[in-house]
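Residue numbers for the sequence shown follow this note's numbering, beginning at 1211 and rising by one.
From the three backbone atoms N, C-alpha and C, an ideal C-beta is built for every residue, glycine too.
Bear in mind that the values here come from a model prediction, so they are computed numbers and not experimental data.
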Amino acid sequence: MRRLQCKRYLFLGILTAVFCYLFCFRYGVFGSKVDWISQHSVLPDYFRQQFYETGELFPEFAANIGGGQNIYNFAYYGLYNPILMLSYLLPSVKMSDYMMAVQFLSLLSSVLLMYAWLGRRGFPQRIRAGVTVMFLLSGPMIYHSYSQVMFVNYMPFLITGLWGADRYFECEEACTGGLVLMHGSRIHGGRHAGNVRRRSGIWIAASVCLMIMTSFYFSIGGMLVLVLYGIHRFLAVCEEEGKKVTPGIFLTAGIRFAVPFILAVLMSSVLLVPTALTLTGRGGESAGLSIAELLIPGVSASRFCYSTHGIGLTTLALTALLAIPCRTIVRLPRKRHVSQGIRKDVFFGRNLSDKVLAWGCITVLTVPVFAYLLNGGLYVRDKAMIPFLPLLCYVMACYLNDLGSRGPVAELLPYALTAVLIYVFRRQGEAGKYWKLLLLDGAVMFVCYAVILCCRKWLFPAMSHGLSGLKIRQWSTTVLMAVGIAFLIVFGNGCHAQGAHAVSREFYQSATDARIGELIGEATEEEKGFYRTEQLGGEEENAANLNRIWNMDQYISSIYSSSYHKKYREFREDTFQIEEPFRNFLMQSAVHNPVYQRFMGVKYIVSDEEVPGYEEASGYKEVAGYEDTEDKTGLRVYQNDRVSPAAYATDRVITEERYRGLEFPCNQLALLRYAAVKDISPDGTIVNDAKENAAAENTAVKEIEIHLPKETDSEEKETIYLDLPDPQAKEREAEVLFLKFRVKNLRPSKDVAVWVEGIRNKLTSIDHFYYNGNTEFAYAVPLRDGQKSVEVILGEGRYQISDAKAYLGILPDKEESIELYQSELRVDKERTKGNCIAGTIDVKRRGYLITTIPYDEHFEILIDGQSAEEEEVNTAFLGCRIEPGEHDVEILYHAPGVRLGKMISLAGCLLFIVYILKIYEKFLKKIRDSMLLFLKNCPS
């Protein structure tokens, strides 16, 4: 028997690998092009690098990403994921390779645990296998195992939590001789009731804690699933024992059942508390739904069927949920039949426990307020319902196991109602893409079951009872599951193939090539100042490198995270108006804007093409493997010595009010000549001719006349050239073309993109969830000496261009840069790690310490050990006043809630130990008594 079970598990493992190959591996590696390559594989690597540098398991600050931000902005991506933290023991293993292995093993363990759990619940082998395969093929499982990993990587712990809930309630019946399933079959147990219950409580607490640490966003939905299932199991136990459930009994049992959940939340507070304070502290945009919109039920087909961002099952799941309401409406005499030799008098949907489970699922999945709350009060999206996948698989298994126990009307009605609902809501949400497949699935299921009923009633009426009837019902369930599996395979193949989501092996190898790290390491190792080093290439390369850090001396200005520093993003988009090349507004890329590169201190750029304004750095091109041969990448390090240090002292300032009065592009160039501060000293000693400089700023900018087509309607890209004025002799820095115009999309369902000298701006389709709202395209294009025109590529689509303005601006020369960057912070690399940036600075004149680190009220600046008052400078960055002289500077960041979270977690762990000791109190007492008896009888 054990050998047979091993073969079944092996078969499921092989099946998992086969479908992963069909859907992903044949197209590339087990990782997606956008989220995985730029978030889920690189941020855990950054966490590991920071641990190696600091030795701290609980970091607070991510100085290297997005200019420097609270590290709990990235907590969602596995900051304290225990599975990912195991990689800290494997420094020689590439994190992206480790991630792919973990992703596959997580998927495989979820499938095997689902199969084992259904077996423990007493389901027949056919149903166990069929439902488990549908679980594997459901929309989110394989897709998000290599895409948005956090959507499904908690599944093993959720299923073990469901298993733990079964164990928890076993003791409630152990005294009566066994555990009743919702179908009436029994599992006998010989362990003591109290031990089983309490030991199961430990299991639940451990599962929930691991689920939170793995994916805190989806753990809330997971806990709701466990609560619903726990209520169902509690009522089933009471029904078997014949106990009447009173409000007092229910409340008492609920409080006891809540203890493991409370312990799990307390133990996880080291993650939950600082993450909650970080997310609530930054604010956010909610969907702004009315009370009626939140409370009026609605059926979203994409929430249940054929969606990678929903539960993603076949229409059979919806049919199974509708079976109980339909059987309530149509009350026909029940049939008695035998299943696996067990006489069944209790049928799915008749007992209160079954009705509570089904109606609970229906309520949560159809009333929008639950999706709204599970999405953190931001919006109503189906992704928060993915944790209900195992529970709906369980409901499907229950329905299939009870198939044929009612009359033909009650049996066929759920299929008809499913088909009607699908037709009515076929265009809603993501289901609109697959509505034909949905309708076909519903129709085929209806026809198949109608044929089964006809055969059973008219062709083989004599075989409808006894063992022959059992075989007919078994084949009926097999047919329905086979149809569902077939449709899921068709959906999966089309979804994965058409989307082409997997990263190609060639691109993966080039993006993660260790030689890039060598180049960056060469550049940053000898650097004594505080500057940034970025990679710049094509759009696909830039997307892959949004969060990529090769060593802890590399700092970047780009960021891609669902949580972010709000003012930093506003500075990029609204104040500075840099280009937005991606559809997703969260993707804040490295840019080609030479003014922004200088302002943010991007001194080094790694690229395979020449970067205007940068010179190839000597000594780096000879790194092994980068000779100019056809089979090499040709990457080079380019250097610009005129960029701003990331921290410097200056007295060259203007007020923020005056700065905000400047228009494009003067607002960009102004920050290369002076810093903007809230207030200036009353005596004016800090000001260095700021008023005159501000008034004269416009002289550095010259408006030019350009002609762009007012409307474009094309199915292909169109290239035009804009003529520039005749170049004039310049004694200063090279010119920059500033271009800005408004775009009105006349086909809102399509994207609009325009390239200027290869720099892209994109306006997302209006129905894209992460609509970027980029209706004003702004460019800053560095010009070559003698350049007479610029290339403009108008992307396909139908759109209007208006309010086009163009300017020629001049970047500050070396002398002007020195006037602003009067004193540079020299970083002490030994002390600069974790949440601390430390160094020395020799201040020439009384003024301000200016940084390009996004301002946060939780910073602390120590100058010669004395706390300085932090200020917001340049509208979004950290700074403070500073006096002349040589100073030791420390910039510290204290993430809110870290200390409190640690204290609560410690208390939770201690309570958990007490909980365990209480459970094993009798056992430990027996051991103590045995030891005392042994010592008493031991000869002296």
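Own chain, CB closer than 7 angstroms to residue i, minus 5 neighbours either side, in chain order
i        : result
Cys-1419 : Ala-1474, Met-1477, Ser-1478
Ala-1904 : Residue placement at Ala-1904 is poorly supported in this model, since its pLDDT is 48, which falls under 50; the coordinates still yield a value, given next. Only Ile-1864, Arg-1868 meet the Cβ criterion.
Glu-2006 : Ser-1924, Glu-1925, Glu-1926, Lys-1927
Phe-1786 : Tyr-1806, Gln-1878
Tyr-1778 : Gly-1276, Gly-1277, Pro-2064, Ala-2086
Distance cut-off 7 angstroms: residue i Cβ against heavy atoms of the ligand GDP
i        : result
Ser-1817 : Questions concerning the ligand GDP fall outside what the structure shown contains, since it holds no ligand whatsoever.
Nearest-angstrom Cα separation, counted from residue j out to residue i
i        : j        : result
Phe-1271 : Leu-1602 : 40 angstroms
Tyr-1931 : Phe-1948 : 15 angstroms
Tyr-2058 : Glu-2080 : 10 angstroms
Ile-1430 : Ala-1468 : 14 angstroms
Leu-1222 : Ile-1337 : 14 angstroms
Phe-1261 : Phe-1428 : 26 angstroms
Leu-1346 : Pro-1624 : 24 angstroms
Ala-1834 : Gly-1844 : For Ala-1834, the pLDDT reaches just 43, beneath the cut-off of 50, and the residue's location in the model is therefore unreliable, although a value from the coordinates is still provided. Taking the straight line from one Cα to the other gives about 12 angstroms.
Leu-1627 : Ala-1530 : 11 angstroms
Gly-1400 : Thr-1370 : At Gly-1400, the pLDDT of 35 sits below 50, so the modelled position is not reliable; the number obtained from the coordinates is stated separately. Going by the C-alpha atoms only, they are around 21 angstroms apart.
Met-1433 : Ser-1975 : 36 angstroms
Asp-2098 : Tyr-1765 : 22 angstroms
Met-1365 : Glu-1751 : 32 angstroms
Gly-1586 : Tyr-1774 : 16 angstroms
Leu-2035 : Asp-2066 : 20 angstroms
Gly-1694 : Ala-1660 : 16 angstroms
Ala-1900 : Tyr-1884 : Caution is warranted here: a pLDDT of 48 is assigned to Ala-1900, below 50, making its placement in the model unreliable, and no coordinate value can be reported.
Arg-1218 : Arg-1377 : 24 angstroms
Arg-1782 : Tyr-1644 : 38 angstroms
Ala-1568 : Leu-2121 : 35 angstroms
Ile-1662 : Ser-1425 : 43 angstroms
Arg-2138 : Lys-2128 : 15 angstroms
Met-1324 : Phe-1367 : 11 angstroms
Own chain partners of residue i with C-beta closer than 6 angstroms, once the 5 adjacent residues on each side are dropped
i        : result
Ser-1306 : Ser-1251, Thr-1722
Ala-1463 : Phe-1444
Ile-2071 : Ala-2078, Glu-2080, Cys-2090, Ile-2101
Leu-1225 : none
Gly-1238 : Ala-1712, Val-1713, Ser-1714, Arg-1715
Phe-1697 : Thr-1524, Asp-1651
Per DSSP, cross-strand counterpart(s) of residue i
i        : result
Gly-2019 : Val-1911, Val-1946
Arg-2036 : Thr-2050
Tyr-1858 : Glu-2034, Ile-2060
Arg-1970 : Trp-1965
Thr-1922 : Tyr-2009
Pro-1992 : Val-1946
Ala-1885 : Val-1863
Ser-1768 : In the DSSP output, where bridge partners are listed per residue, Ser-1768 has none listed.
Gly-2095 : Val-2053
Cys-2090 : Leu-2059
Glu-2070 : Leu-2102
Tyr-1931 : Glu-2001
Glu-1826 : Tyr-1848
Met-1606 : DSSP lists no partner for Met-1606.
Ala-2078 : Ile-2071
Nearest-angstrom beta carbon gap, residue j and residue i [assumed within contact, 8 angstroms]
i        : j        : result
Ile-1979 : Phe-1951 : Per the sequence presented here, residue 1979 reads as Phe, with Ile not at that position. Between Phe-1951 and Phe-1979 the Cβ distance is about 26 angstroms, and since that is not below 8 angstroms, they are no contact.
Val-2053 : Ile-2092 : 5 angstroms
Tyr-1848 : Tyr-1824 : 4 angstroms
Ile-2051 : Leu-2088 : That belief does not hold up - the Cβ atoms of Ile-2051 and Leu-2088 are roughly 14 angstroms apart, past 8 angstroms.
Phe-1233 : Asn-1761 : With 8 angstroms as the limit, Phe-1233 and Asn-1761 do not qualify as a contact, their Cβ atoms being about 35 angstroms apart.
Ser-1854 : Phe-1809 : 6 angstroms
Pro-1292 : Met-1423 : 6 angstroms
Asn-1757 : Ser-1248 : 6 angstroms
Sequence-distant residues of its chain with Cβ nearer than 8 angstroms to residue i (five each side left out)
i        : result
Phe-1598 : Gly-1431, Val-1435, Ile-1521, Cys-1571, Val-1574, Leu-1575
Gly-1731 : Trp-1760, Asn-1761, Asp-1763
**Asked** If we count Cβ pairs, one from each stretch, closer than 8 angstroms, do we get three or more for the stretch 1735-1747 versus the stretch 1812-1819?
**Response** yes
**Prompt:** Hey, is the stretch 1221-1237 in contact with the stretch 1343-1356, meaning 3+ C-beta pairs nearer than 8 angstroms?
**Reply:** yes
**Message:** For the stretch 1790-1802 against the stretch 1965-1984, do three or more pairs of beta-carbon atoms, one drawn from each stretch, fall closer than 8 angstroms, so that the two count as touching?
**Reply:** As far as the Cβ criterion goes, the stretch 1790-1802 touches the stretch 1965-1984, which means the pair count is three or higher.
**Prompt:** Okay, do the stretch 1850-1865 and the stretch 1988-2002 touch, 3+ Cβ pairs below 8 angstroms being the bar?
**Reply:** no
**Item:** Contact the stretch 2015-2031 vs the stretch 1913-1928: 3+ CB pairs below 8 angstroms
**Value:** yes
**Prompt:** Counting pairs of beta carbons, one from the stretch 1479-1490 and one from the stretch 2096-2114, are three or more of them closer than 8 angstroms?
**Reply:** Under the Cβ criterion (8 angstroms, minimum of three pairs), the stretch 1479-1490 counts as touching the stretch 2096-2114.
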